[in-house]
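Here's the structure we're looking at; comments come further down.
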Amino acid sequence: MATLYPQQFPKVPNPDDPEFVAYQYLKMLPDNYTVFYSKKFKGTGSWKEEGEVDFVIFDGSQTLLCMEVKGGRISYDGEEDCWRQNDKLLAPQPDQQAADGMRAILKFVEREGKDLNFGWVLGFPDCLLPEDFRPPSRIPKQVIIDQEGFTNIQLSLSRTEKYYKQNYNKPGIPTLAAKSLIGRL
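Oh and the sequence shown: position 152 is 187 in our numbering, straight run, nothing missing.
Quick look at the structure:
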């Protein structure tokens, strides 16, 4: 099982809470994974004074992902370039939230993480996206995990990690540097 921080879900366990659902799946990842829930960053030099990432997922050596989780029925409207949750406009858009969180983490672990493949992923644990789902052209399908993808979270994250490794081709970091990175986070 993955190491999670905090070790217990910090809110009342609720199967209707998409972050609780994601937490349950993520803790089933293999031992080499470390997952941080609701990680906050302050003073990282980004345009926001404080940022928060739903989940920071580190594979222990090569890839660090920031996951933004949204519950309910998720859709994307290409004509208006907007995401909707249960037919209501999502603002900010989930990909923007994930990218902002990733930039804050990059700044925070700049020195320790220079050889890591960084990326973000969208998690929709309540929503089964249709076969013909077309994400925005700026978002490859490998960085979206829907309800079905959560049922095999290791395979889904493996696809996401592969995408970022192919794009950034960073070598990863040795065990001592990984322990230092985890300690900072």
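The beta-carbon is built from N, C-alpha and C at its ideal position, and this holds for glycine as well.
Apply the 10 Å Cβ neighbour rule to residue i and answer buried if 16 or more other Cβ atoms are within range, or exposed otherwise.
i, result
"Arg219", "exposed"
"Tyr40", "exposed"
"Ala169", "In the sequence under discussion, the amino acid at residue 169 is Arg, which differs from the Ala named in the question. Exposed is the call here."
"Pro53", "buried"
"Ser172", "exposed"
"Glu114", "exposed"
"Asn152", "buried"
"Asp51", "exposed"
"Arg138", "buried"
"Gln132", "buried"
Excluding five sequence neighbours on each side, which residues of the same chain lie with their C-beta closer than 6 Å to the C-beta of residue i?
i, result
"Ser110", "Arg119"
"Val56", "Pro160"
"Leu61", "Val70"
"Thr38", "Thr69"
"Ile174", "Asp130"
"Arg108", "Asn121, Cys162"
What's the C-alpha gap between residue i and residue j?
i, j, result
"Glu145", "Met102", "19 Å"
"Phe90", "Pro165", "25 Å"
"Pro209", "Asp112", "42 Å"
"Asn187", "Tyr72", "19 Å"
"Asn49", "Ile92", "22 Å"
"Lys46", "Tyr58", "11 Å"
"Asn121", "Ile180", "18 Å"
"Asp167", "Leu211", "44 Å"
"Gln42", "Gly86", "22 Å"
"Phe44", "Asp116", "34 Å"
With a CB to CB cut of under 7 Å and the five nearest residues on each side skipped, what residues in its chain are close to residue i?
i, result
"Val88", "Lys74, Cys101, Gly136, Ile140"
"Pro129", "Glu103, Lys105, Trp118, Leu157"
"Asp150", "Lys205, Pro206, Gly207, Ile208"
"Ala213", "Gly95, Ser96"
"Ser193", "none"
"Met36", "Lys62, Met63, Asp66"
"Ala134", "Trp155"
So residue i and residue j are in contact, right, with Cβ under 8 Å, and what is the actual spacing, rounded?
i, j, result
"Thr195", "Gln182", "Actually they do not touch by this definition, with Cβ atoms about 16 Å apart."
"Leu216", "Gly148", "6 Å"
Starting from the C-beta of residue i, find all residues in its chain whose C-beta is less than 8 Å away, skip the five residues before and the five after it, and write them out in chain order.
i, result
"Gln189", "Met63, Leu64, Pro65"
"Gln191", "Looking at the sequence provided, one finds Ser at residue 191 rather than Gln. Result list for Ser191: Ile180, Gly184, Phe185, in chain order."
"Tyr198", "Gly154, Pro175, Gln177, Val178"
Going by the C-beta, is residue i closer than 7 Å to any heavy atom of the ligand GDP?
i, result
"Asp66", "Here there are no bound small molecules, and the ligand GDP is not part of this structure."
Does any CB atom of chain B fall closer than 8 Å to the CB of residue i?
i, result
"Ser110", "This model lacks chain B altogether, as it is built from one protein chain only."
Flag this pair as touching only if the region 122-129 and the region 195-208 have three or more C-beta atom pairs under 8 Å; answer yes or no. no
Examine the Cβ distances between the region 90-97 and the region 57-75 and report whether three or more of them are shorter than 8 Å.
yes
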